[in-house]
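A.B. asks: Can you keep this structure in mind? I'll have questions shortly.
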Ligand code: THU
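In structure tokens, the structure reads:
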């Protein structure tokens with residue numbers, strides 16, 4: 059199963075009754091393991107979480123921290139990119155060269171390195187703007 063297939067499968071389990079916008083995410087780690095997530099909305103809207111956030115939580119709960127590849131998918135006219143918060147969450151566990159593939163259900167894909175999506179990601183220990 060490809061990372062895209064895994065993201066598509068996760069998307070099917072999205073809980074998105076408020077926005078009607080289901081998202082799936084899949085991460086591959088250095089070990090080769092794949093972790094998936096979907097968006098989980100809530101009646102109290104701000105309590106909802108993104109697909110990427112769910113996949114990151116599953117990865118960390120399994121004892122892994124080293125993301126080497128990311129894929130997100132939605133049924134949108136063009137690929138969606140991760141929200142700002144999720145870019146920062148990804149940057150906690152993925153370097154700037156990690157490829158992020160953004161896909162639609164209809165088969166369009168765009169891939170960009172995380173560093174292009176979030177230049178100058180915040181780090182609590184920063185030695186310079188490198
Ligand atoms: N959403 C994600 O799951 N990932 C993103 O990168 C962007 C947005 C979700 C949040 C919300 O449940 C729905 O898409 C509409 O914003």
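Residue numbers (the working numbering): 59 to 188.
Note that CB positions come from ideal geometry on N, CA and C, so glycine has one too.
Bear in mind that the values here come from a model prediction, so they are computed numbers and not experimental data.
1) Closest to residue 121 by C-alpha separation, out of 147, 89, 97, would be which residue?
2) What runs of the alpha helix (DSSP H), each 4 residues or longer, lie entirely inside the region 70-132?
3) Which residue comes first and which comes last in the alpha helix (DSSP H) that contains residue 149?
4) Using 8 Å as the threshold, is the region 129-147 in touch with the region 161-179, meaning 3 or more CB pairs across them?
5) Assuming the contact rule is C-beta atoms closer than 8 Å, residue 169 and residue 158 should be a hit. Round their C-beta distance to whole Å, please.
6) Return the CA-CA distance between residue 172 and residue 119, expressed in angstroms with no decimal places.
7) Go ahead and label residue 102 buried or exposed: buried means 16 or more other beta carbons lie within 10 angstroms of its beta carbon, across all protein chains shown.
8) What is the residue span of the beta strand (DSSP E) that residue 152 lies within?
C.D. replies: Taking the structure as given:
1) As a position in the chain shown, residue 121 is number 63, starting the count at 1. Minimum Cα distance to residue 121 is reached at 89.
2) 109-119
3) Position 91 of the chain shown, counted from the start, is the residue given in the question as residue 149. Note, residue 149: alpha helix (DSSP H), 142-149.
4) yes
5) As a working note, residue 169 is residue 111 in the chain shown. As a working note, residue 158 is residue 100 in the chain shown. Residue 169 to residue 158, Cβ: 7 Å. Contact.
6) For the purposes of this step, residue 172 is taken as the residue at position 114 of the chain shown. For the purposes of this step, residue 119 is taken as the residue at position 61 of the chain shown. Approximately 22 Å, taken between the alpha carbons.
7) In the chain shown, the residue the question calls residue 102 occupies position 44. Exposed.
8) In the chain shown, the residue the question calls residue 152 occupies position 94. Careful: residue 152 lies outside any beta strand (DSSP E) and carries neither H nor E.
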